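Number of protein chains: 2
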Amino acid sequence: MGKLLRINTREKTFTFEETPEAYAGLGGRALTSKMILDEVPATCHPLGKNNKLIFAPGIMSGSPAADSGRLSAGAKSPLTGGIKESNAGGLVSQKLAKLGITGLVLEDKPEGDDYAMIVINNDGVEILPAGDLVKKGNYDVMSALWDKYGKNTGILSIGQAGEQCLKGASIQQADMNGNPGRAHGRGGLGAVMGSKKIKAIVVDDKGAGRVEVKDKEAFKAANKRWVEMLRNHPVTGEGLPALGTAVLVNVINEAGALPTKNFRQGRFDHAQDISGEAMAETIEKRGGIPSEACHPGCVIKCSNVYHDKEGKYLTSGFEYETIWAFGAHTTIKSLDDIAMLDRLCDDFGLDTIEMGVTLGIAMEGGMIPWGDGTAAVELLSKIGAYAPEGKIIGNGALFTGDALGVDRVPVVKKQALPAYDPRACKGVGVTYATTPMGADHTAGYGVTANILAVGGSIDPLKKEGNMELSQGLQIATAAIDAAGLCLFVAFAVLDNEDGLPTVAEMLNAQYGLELTPDDIIELGKSILRNEKEFNKKAGFTAVDDQLPEMFNDDFPPHKSTWDFTNDDLQKTLDF
Amino acid sequence: MGKLLRINTREKTFTFEETPEAYAGLGGRALTSKMILDEVPATCHPLGKNNKLIFAPGIMSGSPAADSGRLSAGAKSPLTGGIKESNAGGLVSQKLAKLGITGLVLEDKPEGDDYAMIVINNDGVEILPAGDLVKKGNYDVMSALWDKYGKNTGILSIGQAGEQCLKGASIQQADMNGNPGRAHGRGGLGAVMGSKKIKAIVVDDKGAGRVEVKDKEAFKAANKRWVEMLRNHPVTGEGLPALGTAVLVNVINEAGALPTKNFRQGRFDHAQDISGEAMAETIEKRGGIPSEACHPGCVIKCSNVYHDKEGKYLTSGFEYETIWAFGAHTTIKSLDDIAMLDRLCDDFGLDTIEMGVTLGIAMEGGMIPWGDGTAAVELLSKIGAYAPEGKIIGNGALFTGDALGVDRVPVVKKQALPAYDPRACKGVGVTYATTPMGADHTAGYGVTANILAVGGSIDPLKKEGNMELSQGLQIATAAIDAAGLCLFVAFAVLDNEDGLPTVAEMLNAQYGLELTPDDIIELGKSILRNEKEFNKKAGFTAVDDQLPEMFNDDFPPHKSTWDFTNDDLQKTLDF
């Protein structure tokens, strides 16, 4: 069993602690959520000394299992006021696992203004002054740290947004090229890191051994089936590698579920211009990278590198939700403007979904014109300049709506809705409303059966079956997040009877256990129960499990309305 | 029985409606809170079309009863997200009562950007374009409206803050000199008026008869005793007329309960400089008015007019809580700077308590230096200039804390704490925590028995007796607010056995009823029950009835701590 590495950010001290019994066998989201419930007072200020920021590799991370390199970050969220887990690819998860670190816990809070950075390697831990990294963006930070600590070092860092403790702040991870293309985006966890005055964390596993696998042969056999499953599924084997997640622009637009101009309609006239097809063509033409893994051992490779008109690197990890948020939601139709907005978010350390929705609200409130990419870039740049406008929009959609007196703000639990309209994709709508995370498609991706015909088919416009769909997916997702697996493995798992048993087999081979698929489902349930309990203690009620008023309106082209009662929604996670 | 005047702000239409049975006999806060519970969906957006802004004269308003001219304004609060009642003096309450209007209800919301104004007189109602009043401050608005509609007309208006729908926005009332010296300050009701695009409401009772009093002789006799009671009490007969509410600066400082530098200690080194004694001396010297009524028929006369160094009018209605908020809380020690901040708040239409606490948070977050009056005036001026900084601070203390990443923000239910430290004046601390209004001293002014030895004496530093003190005062206050009586009558009522019976006698004589003092208490309870029910529907829980973490710290000069459990607090309004 691994160790917990606790760092006191006020005293600049650290301790390694044998993982206590209560946390035994937990990893990823299972560990972060359990620790937050047990150790963080639910009514504490998210930026205060009593909050904790916890990083935990999934329990399969560091093993040779395909697509198991996701790292969970957890805390009480400055954005939602509830519990938060946000996971990302990158290099850190596998390295922590190899160093035998189950959880990295940032505690307390310094009184002064000085930033520190943390270096973790096989020799131990150093807590150093952050020096001239302060006030720098993530591109500069990561480049400096790779120069100093070597290429392929794992990096977690915050940009100007996290330093300002903004609710939209992310924690970025160095991707496989050392750029900040991977993000713990949602829920403002970068602000928690900023409040603890930690600018960056460097993780180097040089000299560390491999992660122990008890039954290597059994593991290898199961992993072989696992890789084949992922490669043979049309989504993980074809769609995602070819066009990245942006393959969804045309698909969701066709389904009439692409929220356009602040959720006024489900089709965007210029969807073609910002589609995955258009993106892939541009990447090819300009010499970018159309398909890339977000962490070693990924076989799906849905990430990418996007170049500018001059053929120079502009951004990477350019995703569907980002393109939607800055595109259809704001009616900006230039993919280059959208790519620049994505780059700024990666550099300043900001959640692209929250920021895209926020720019739409800024347009709604008359701060900048609808569809004006240049104005959007200028406004977003204010965050990096520490300007007052930046302190408004950097705090997200609801905050910006409040600053501007806008009453049409698409949030649940104060977090901006992602790229699928809940009225035209009700499975994901139920997830938005009920997940303890605040509106989040990744918490229970009902798009599967609603639109992609993965794991069966459930009418996206009708109520029937969508609560059950969301429930099943939320439970499964929580377990996937605990394993450190990429969410996209769910496509293959849902369509393969052998999916979940294969995951169980790998776990059993790695740890010498005898888990059944039911045990994995039970793990997912227990995670959700812990998260709901924290939120209840923090003051959340059924009122927080609703969509805002604006979704009572009709939604063209469909005439579907949001027809779930509060009681319906309360039943979704009642198990 | 009077009529409800409902105005549809979208269609620019109005209807007079016989007061329905459910609202019969209710006035002031009793009516606004009941209507909001019955007619406003608890989860609606406070700035959306489903919120309503309701003005209601107290049930004694318009009668000859001394100190009965308070007007209640109610809505779902943009600041707290809960139910709100905020009452003020001025001229409107008695005039509405004389026009036979029990309640004035602003409904719906226009889609465009044009502002309207409403003129109500004995001939009916006109809804007119607001024309060049738009973007003007309340001083200009009221001056223009008195020029056009005659002196002594009742005016309700919003300044630049209300137009921007800021959470700190007040609705100001013309005082007896036509200046915006009276405020429906707390809870951001000016933002609700702004969202409905109503710039001003003019109320003229010319030609309207007197308010009917069924038994004139009995009324006259009871009112005579009432006036004597008010004149003979040391607080309402001496302290308040002599020094205004600012008499409290030295008293509360002496008690070690004057929150200084964002609630770090209970004594301010420069309390003398901002005391009521200093203020009265300055007013006398410069030719201001040391004592003035806030509405016709007031015998306490705690208002005032404060002149600048040149002997010209600077501000009026200069109150203890304002002086504390801009003074001890921010450590600004110049009374002239504080008076200028008060003037700006009246002009832009802002709650002085919320804004003073906010400036302290802006100092806490490094936006301006501690104690710098000039910088504070400059920063507050940004609200009138529609600048981004104004959109931050105009939204109040919590919002500003969030914008700046400050974790030390004294709010309950998102509303800033007033001028009495809850650890050194626990009776009012219990009120802050438990009133449905958000932190509000006027909701249950425990300072009486805690510090002023009015209505008995209860140790301000101990837990014992303070829950009961707050409960009793909250019930009585709700009834006082329903009657349209000034809260300060409570001093005399608490110290006179004949107090409450005299109020009952006046009510019985006015309406031909047979109310007992117990009926009045029951009315107070029913108001609080309605308010709690609304808040529960809006998602409030016991978590919202707590003080924030920062009050767990010790509080010099006393070593008192905040020692109420959640269960204690939940019992306070459990009846």
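These protein sequences, in sequence, are chains A and B. Taking my numbering, the leading residue of the first sequence gets 5, the next gets one more, and so forth. Taking my numbering, the leading residue of the second sequence gets 5, the next gets one more, and so forth. Every residue gets a Cβ at the ideal spot worked out from N, C-alpha and C, and that includes glycine. Because the structure is a prediction, the values reported are computed rather than measured.
Between the C-alpha atoms of B:Asp277 and B:Met180 there is a straight-line separation of about 28 Å.
Annotation: B:Ala480 to A:Asn12 spans about 50 Å, alpha carbon to alpha carbon. Here the region 213-225 of chain B makes contact with the region 503-519 of chain B; the two share three or more CB pairs at distances below 8 Å.
B:His311 sits in a strand when the DSSP states are folded into three classes. Using a Cβ-Cβ distance cut-off of 8 Å, the region 513-528 of chain B and the region 382-398 of chain B are not in contact, since fewer than three pairs of beta carbons, one from each stretch, lie closer than that value. Under the three-state reduction of DSSP, B:Tyr317 is assigned to strand. With the criterion set as a beta carbon lying under 8 Å from some beta carbon of chain B, the region 114-138 of chain A has no members that meet it.
In this structure, the beta-carbon distance from A:Ile159 to A:Ala173 does not fall below 8 Å. Within the region 495-510 of chain B, no residue places its CB atom closer than 8 Å to a CB of chain A. Look at B:Phe492 here: in three-state DSSP terms it is coil, with no helix or strand label. The region 191-229 of chain A is shown to contain whole alpha helix (DSSP H) runs of 4 or more residues at 193-199, in chain order. Contact annotation for A:Cys48 against chain B: Glu553 [CB-CB distance below 7 Å, chain order].
Under the three-state reduction of DSSP output, B:Ala173 falls in the strand class. Taken in chain order, the region 38-64 of chain B contains no complete alpha helix (DSSP H) segment of 4 residues or longer. Burial is judged here by how many other beta carbons sit within 10 angstroms of a residue's own beta carbon; A:Ala457 has fewer than 16 and is exposed. A direct Cα-to-Cα measurement between A:Leu57 and A:Leu383 gives close to 30 Å. Within the model, the alpha-carbon separation for A:Gly86 versus B:Thr17 is close to 43 Å. Only residues of its own chain outside the window of five on either side were considered, and among them Pro68, Ala69, Ala70, Met510 have a CB closer than 7 Å to the CB of A:Asn227, listed in chain order. By the neighbour-count definition (other C-beta atoms within 10 Å, threshold 16), B:Asp571 is an exposed residue. Selection B:Pro426, B:Glu15, B:Lys203 evaluated against B:Glu167 yields B:Lys203 as nearest (Cα-Cα).
The shortest CA-to-CA distance from B:Asn91 to any of B:Leu402, B:Ala486, B:Thr569 is the one to B:Ala486. Distance from the Cα of B:Arg427 is smallest, within the candidate group B:Phe559, B:His274, B:Val253, for B:Phe559.
If you keep only unbroken beta strand (DSSP E) runs of at least 3 residues inside the region 114-168 of chain A, you get 120-125, 128-133, 158-161.
For B:Ile327, the uninterrupted alpha helix (DSSP H) run begins and ends at 324-330, by DSSP. It is roughly 10 Å from the alpha-carbon of B:Gly315 to the alpha-carbon of B:Thr286. Nearest neighbour of B:Ser161 by Cα position, chosen from B:Thr565, B:Leu363, B:Val547, B:Cys349, turns out to be B:Cys349. Counting along the chain, the unbroken alpha helix (DSSP H) around A:Arg347 starts and ends at 339-352. The Cβ-Cβ distance between A:Thr569 and A:Gln475 does not fall below 8 Å. No Cβ of chain A is located within less than 8 Å of the beta carbon of B:Thr438. Each residue's CA atom was taken as its position, placing B:Gly433 and B:Glu472 some 12 Å apart. In this structure, the CA atom of B:Thr326 is about 6 Å from the CA atom of B:Ile357. Between A:Asn254 and A:Gly364, the beta carbon gap of about 21 Å keeps them out of contact (Cβ cut-off 8 Å).
With a beta-carbon spacing of about 5 Å, B:Gly107 and B:Ala60 fall inside the 8 Å limit used to define contacts. The region 130-148 of chain B and the region 28-44 of chain B do not touch, with fewer than three beta-carbon pairs separated by less than 8 Å.
For A:Gly86, the closest Cβ of chain B is not nearer than 8 Å.
In this chain, the beta strand (DSSP E) harbouring B:Asn12 covers 7-12.
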